[in-house]
Every structure is written in C-alpha cells, then in structure tokens.
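Structure record follows, encoded as structure tokens.
Numbering (UniProt numbering), first residue to last: 1 to 189.
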C-alpha cells in the first residue's frame with residue numbers, strides 16, 4: 001500500500017511539473033529552508049518547477065557554464081546572457097548534460113529554490129511589455145536602435161549607460177536587457 005501511495009505521489013508531482021518564467025529578478029536559495037540568498041534568477045528564463053512547499057519552489061534550469069566562471073549559468077553558449085548567477089561563495093552543484101568542446105561552454109542543469117511570487121506561465125506578454133517599454137522609452141533622445149543592431153554581449157552596458165535618462169522603472173531594467181539580448185540573437189521574433 002505504501003508503494004502504491006508513493007507511486008501516486010510521484011506521478012502527481014510529475015504532472016504538476018510546469019515551466020514558469022520570472023517577471024523580475026528573483027532571489028535564489030540552495031536549500032528549501034535557507035534564508036541566505038545564494039544568487040539571482042533573471043527575468044524571462046524558463047524554469048521547470050519540481051516541487052512546491054512552504055512558500056518556495058524547487059526548480060531546475062538548463063543553461064551553459066563557462067568553466068572559468070562556474071557561478072554563472074548562461075542562457076546560451078558563448079553569449080553572456082545571464083540566466084542565473086550565484087555569489088562566488090555559493091557556487092551550486094550542477095549536472096553536466098554535455099561537456100563543451102573546442103571552446104564551447106558546458107551545457108548544465110542546476111537545481112535551486114526560489115519564492116512562488118512573480119512567476120508567469122506565459123512568456124509572450126512579458127516580452128511584449130519589455131518591447132513596448134523599450135520602444136516608448138528609448139527613442140526620446142535619439143532614433144530607436146533596432147534590437148539586432150548590437151550583439152547580446154553589448155546590450156547590457158549600452159542599455160545601462162542610457163537608463164538614467166529614461167522613464168524606465170529600475171525594476172524593469174533586467175527584463176528589458178533580457179529582451180534586447182534575446183531579440184538581438186534572433187530568439188524572439
């Protein structure tokens with residue numbers, strides 16, 4: 001009977017697994033009961049929910065790690081589009097899915113915890129809002145730059161250098177940067 005109940009719980013938890021996207025920068029923890037922030041999860045990056053309890057969710061995130069900087073999980077291989085970053089003293093354990101070859105980064109999966117708030121099931125409205133905010137706010141002083149005008153590695157510093165001269169709310173900074181980086185790469189149509 002215990003095995004049957006356990007099997008039922010495992011099946012139901014697998015069915016409850018879902019992909020969610022953070023709407024803003026979220027604190028990340030290495031254990032469920034930790035109050036010590038270990039890192040930051042950036043907006044628009046897909047996480048797979050593994051478990052939910054006590055106000056936190058256990059999630060997995062797939063990405064890429066530069067072996068020279070193991071505390072940062074990137075969205076793509078060799079572009080500095082940060083998905084999840086950890087403090088240098090809090091490097092997580094991650095599973096290597098595929099070892100990088102000839103200068104490529106390792107593809108990895110990391111498991112961590114975050115709070116249940118500010119997560120959405122649908123990425124499109126978030127990206128639409130980022131695009132609209134960018135288009136409405138970033139053409140006040142000059143002609144609006146096309147998203148493809150700069151590469152993903154150039155957008156963060158360029159955007160931050162102009163941020164203080166825009167009406168963009170500080171909480172939307174990383175949402176718009178993520179949008180610009182992914183759009184410049186061609187991942188957002």
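Virtual Cβ for every residue (Gly too), placed ideally from N, Cα, C.
Measure the Cβ-Cβ separation of residue i and residue j and say whether it is below 8 Å.
i: residue 61; j: residue 45; result: yes
i: residue 18; j: residue 49; result: yes
i: residue 109; j: residue 95; result: yes
i: residue 86; j: residue 71; result: yes
i: residue 175; j: residue 130; result: yes
Quick check: what's the CA-CA separation for residue i versus residue j?
i: residue 106; j: residue 82; result: 14 Å
i: residue 73; j: residue 167; result: 30 Å
i: residue 25; j: residue 162; result: 20 Å
i: residue 35; j: residue 22; result: 19 Å
i: residue 40; j: residue 27; result: 5 Å
i: residue 173; j: residue 134; result: 10 Å
i: residue 186; j: residue 126; result: 17 Å
i: residue 159; j: residue 146; result: 13 Å
i: residue 89; j: residue 141; result: 41 Å
i: residue 32; j: residue 20; result: 18 Å
i: residue 153; j: residue 79; result: 6 Å
i: residue 76; j: residue 92; result: 19 Å
i: residue 170; j: residue 43; result: 13 Å
i: residue 120; j: residue 188; result: 17 Å
i: residue 57; j: residue 114; result: 6 Å
i: residue 14; j: residue 47; result: Summary for residue 14: the model assigns pLDDT 40, below 50, so the residue's position carries little reliability, and this model does not support an answer.
i: residue 63; j: residue 150; result: 22 Å
i: residue 52; j: residue 59; result: 9 Å
i: residue 98; j: residue 104; result: 10 Å
Could you spell out where the beta strand (DSSP E) holding residue i opens and where it closes?
i: residue 188; result: Note, residue 188: premise wrong, no beta strand (DSSP E); not H, not E.
i: residue 95; result: 94–98
i: residue 46; result: Taken as a continuous stretch (DSSP letters only), residue 46 belongs to no beta strand (DSSP E), as it is neither H nor E.
i: residue 60; result: 56–65
What does residue i pair with, by DSSP beta-bridge criteria?
i: residue 39; result: 28, 86
i: residue 119; result: 22
i: residue 109; result: 62, 95
i: residue 114; result: 57
i: residue 52; result: 57
i: residue 79; result: 76
Can you list, in chain order, the residues of its chain with a C-beta nearer than 6 Å to that of residue i? Leave out the 5 residues immediately preceding and following it.
i: residue 100; result: 106
Could you please give the first and the last residue of the uninterrupted alpha helix (DSSP H) stretch that includes residue i?
i: residue 76; result: Segment 72–76 is the beta strand (DSSP E) holding residue 76; no alpha helix (DSSP H) there.
i: residue 157; result: 155–163
i: residue 131; result: 124–137
Could you pull out every residue in the same chain whose Cβ sits closer than 8 Å to the Cβ of residue i, ignoring the five residues on either side in sequence?
i: residue 155; result: 177, 180, 181, 184
i: residue 137; result: 166, 167, 168
i: residue 123; result: 21, 44, 46
i: residue 118; result: 22, 23, 24, 26
Looking only at its chain, what residues have a beta carbon closer than 7 Å to the beta carbon of residue i, apart from the 5 residues adjacent to it on each side?
i: residue 54; result: 32
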